[in-house]
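Just below is one structure, and these are the notes that go with it.
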Amino acid sequence: MRDEAPLRRTTTGAALGMTYIWLATRVLLLLMVLDVVPLFRSVSWDVVGVYHGWHETMLAGGFPVEDVTWQYPPAAALIILAPSMLPFSYLGGFLVITVAFDALTMASLVRAAAAGEGRGRAGAWVWLLGVPLLGPVVYARFDLLVAALAVSGLLQLNASAWRGGLSFGVAAGLKLWPALALIGVPRGRATRMALVGAVAGAAVSTLLMLLALDGGLDFVTAQQDRGVEVESVWALGFHVARWFGWPGVVSYNYGSMEMLGPYVDTVGRVSLAATLLCLCWLLYWRYRARTWSDATPYDAACAAVLLFVVTSRVISPQYLVWLVGLTAACLTVRASTQRPVAVLVLAATAVTMIEFPELFDDVQKSTALGVTVLLVRNGLLVAAAVLSCLRLWRATVPRPLAAGQYDPGLSPA
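The sequence shown runs 1 to 413 under this note's numbering.
Here you go:
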């Protein structure tokens, strides 16, 4: 008993310390979003302008299909409508929901750290510090809610593949990327149950909104004419080309600032091809993988989403909270291969806070400062994606035997 008491005191002290840090950082984020502490340019327009406008259209009985910025699966309407169900302003309701999801995710990561041997608090620290590293934009977009559901799905997989899949399905009904998290579910019954749960979660949330509102399937073609967003990896070449006379322009298009001009369509097609190649690699990895640990589903989800982000023709600042959430889930397991990847993701998140919103004008104008910051951020993300895949492969795919090497697993009984 004498040995256990100091351990309990240490555990309680650490939990209290994390709680105080969470409260302090989240209060600061709220004050920045509300412009009470104007450390950054105002970022609340998406909520009070765009989201609230969509909300008004939905109350009239349809999706905002005339607004080209609406590019989301039907279930995303649940998030857009939810703030008006609370006794606050629309912005106030949105922030209450966002903070609640943030707190629940933090609690889930802390609880996962205490789930048994081989678990640790590193993941909780990644979420605790990574969320505020993105700045006020993290509370002014609904991506944190999607990331929270994806993290919940990963943390539930060991106890119930069906429940984990259900969370992935609901999250994918809001934004499609959480479906990628299924790539790392162990083969066999676990995969089947997770797929059933994911289909059920996506179907129920989607059908609910399709029945309630008109025009829910228009999102399928909403992004086909998009250009290359100015913050994406693919935009870097165009930024440099502007210094040498490329005649294209940066313009507001389909809800973001995009590169428009010669060769943009070609680069956009290359980006889609790159994403498809990465999906093929992930399927090949799954086929070749033989060593499955408790960390593998988390590590594979992290690698898959990193590949999606760096090959996409769009990288919005809020996408970084996806990566913070997934690396946080990874680091709840001490055997995870993604610890150095988490460091790169946190560094990229901090640079993103510098890039948006304060230096976004420089990015749009392709100034040396703007391009340098973008190069650093995107370089960190590409490095994280490559390292994530390499470490996942090495941990799960057996190396070929050298000539003459003996494999005892192949010896006769």
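Ideal Cβ placement from N, Cα and C applies to all residues, glycine included.
Open item on the list: Using DSSP's beta-bridge definition, name the partner residues of Arg119.
Closed with: Val333
- [ ] Determine the DSSP secondary structure at Ser84, reduced to helix, strand or coil.
- [x] helix
Open item on the list: Within a Cβ cutoff of 6 angstroms, which residues of the same chain sit near Val48, ignoring the five residues on either side of it in sequence?
Closed with: Leu91
TODO: Assuming Thr349 contacts Asp299 (C-beta within less than 8 angstroms), just tell me the rounded distance between them.
DONE: The Cβ separation is near 19 angstroms, so there is no contact.
- [ ] Between the Cα of Gly169 and those of Thr191, Ala200, Ala148, Leu155, spot the shortest distance and give me the residue it belongs to.
- [x] Ala200
Task: Per-residue DSSP class, three states only, for Val228 - done: strand
TODO: Give the C-beta separation of Phe238 and Met259 to the nearest angstrom, bearing in mind that I take them to be a contact with Cβ-Cβ under 8 angstroms.
DONE: 5 angstroms
Task: First and last residue of the uninterrupted alpha helix (DSSP H) at Leu236 - done: 235–243
Open item on the list: Quick check on DSSP: helix, strand or coil for Tyr90?
Closed with: helix
Task: Whole alpha helix (DSSP H) elements within the region 132–203, 4-residue minimum - done: 143–156, 161–174
- [ ] Tell me whether Leu260 sits in a helix, a strand or coil according to DSSP, three-state version.
- [x] strand
TODO: Consult DSSP for Val249 and reduce its assignment to one of helix, strand or coil.
DONE: strand
TODO: Quick one: using the 10 Å Cβ neighbour count with 16 as the cut-off for buried, is Cys330 buried or exposed?
DONE: buried
- [ ] Enumerate in chain order the residues of its own chain whose CB-to-CB distance from Ser251 is below 6 angstroms, with the five nearest sequence positions on each side excluded.
- [x] Leu260
Open item on the list: Within a Cβ cutoff of 6 angstroms, which residues of the same chain sit near Thr291, ignoring the five residues on either side of it in sequence?
Closed with: Thr396
TODO: Less than 8 angstroms between the CB atoms is what I'm expecting for Leu174 and Ile97, so what's the real figure, rounded?
DONE: Actually they do not touch by this definition, with Cβ atoms about 13 angstroms apart.
Open item on the list: With the cut-off set at 8 angstroms, would you say Pro357 and Val37 are in Cβ contact?
Closed with: no
Task: Test item: CB-CB of Leu236 and Cys278 under 8 angstroms - done: no
Open item on the list: Tell me which residue opens and which closes the alpha helix (DSSP H) that Trp54 is part of.
Closed with: 52–59
Task: Gly248 versus Ala115, Ala75, Tyr254, Tyr263, residue with shortest Cα-Cα distance - done: Tyr263
Task: Option in Leu211, His55, Gly216, Arg121 with minimal Cα separation from Gly17 - done: Arg121
Task: Those runs of the beta strand (DSSP E) which lie wholly inside the region 258–332 and span at least 3 residues - done: none
TODO: List the endpoints of the continuous alpha helix (DSSP H) containing Val382.
DONE: 368–396
Task: Length of the line joining the Cα atoms of Gly61 and Leu208 - done: 13 angstroms
TODO: Return the residue from the list Leu326, Ala347, Leu374, Arg286 that minimises the CA-CA distance to Gly123.
DONE: Leu326
TODO: Counting only the same chain and skipping the five closest in sequence on each side, list residues whose C-beta sits under 6 angstroms from that of Thr275.
DONE: Thr311
Open item on the list: Below 8 angstroms, how does it come out for the region 152–170 and the region 45–59: are there three or more Cβ pairs, yes or no?
Closed with: no
TODO: Evaluate Arg2 with the Cβ neighbour count: other Cβ atoms within 10 Å of its Cβ, from every protein chain shown; 16 or more gives buried, anything less gives exposed.
DONE: For Arg2, the predicted model reports a pLDDT of 46, less than 50, meaning its position is unreliable; a value from the coordinates is still stated below. Result: exposed.
- [ ] Flag this pair as yes or no: are the beta carbons of Ala171 and Gly153 separated by less than 8 angstroms?
- [x] yes
Task: Spatially closest choice to Leu182 from Met106, Ala304, Val137, by CA coordinates - done: Ala304
Task: Beta-carbon proximity of Leu346 to Leu359, cut-off 8 angstroms - done: no
Task: As assigned by DSSP and simplified to three states, the class of Asp418 - done: Absent from the structure is residue 418, since the part of the chain shown begins at 1 and ends at 413.
- [ ] Could you check the C-alpha separation between Thr372 and Ala103 for me, to the nearest Å?
- [x] 35 angstroms
- [ ] Check whether the Cβ atoms of Ala140 and Trp162 lie closer than 8 angstroms to each other.
- [x] no
Task: Assigned secondary structure, Gly216 (DSSP; H/G/I helix, E/B strand, else coil) - done: coil
Open item on the list: At the level of alpha carbons, what is the spacing between Thr228 and Val314?
Closed with: Here residue 228 turns out to be Val, not Thr, going by the sequence shown. Distance between the alpha carbons of Val228 and Val314 is about 6 angstroms.
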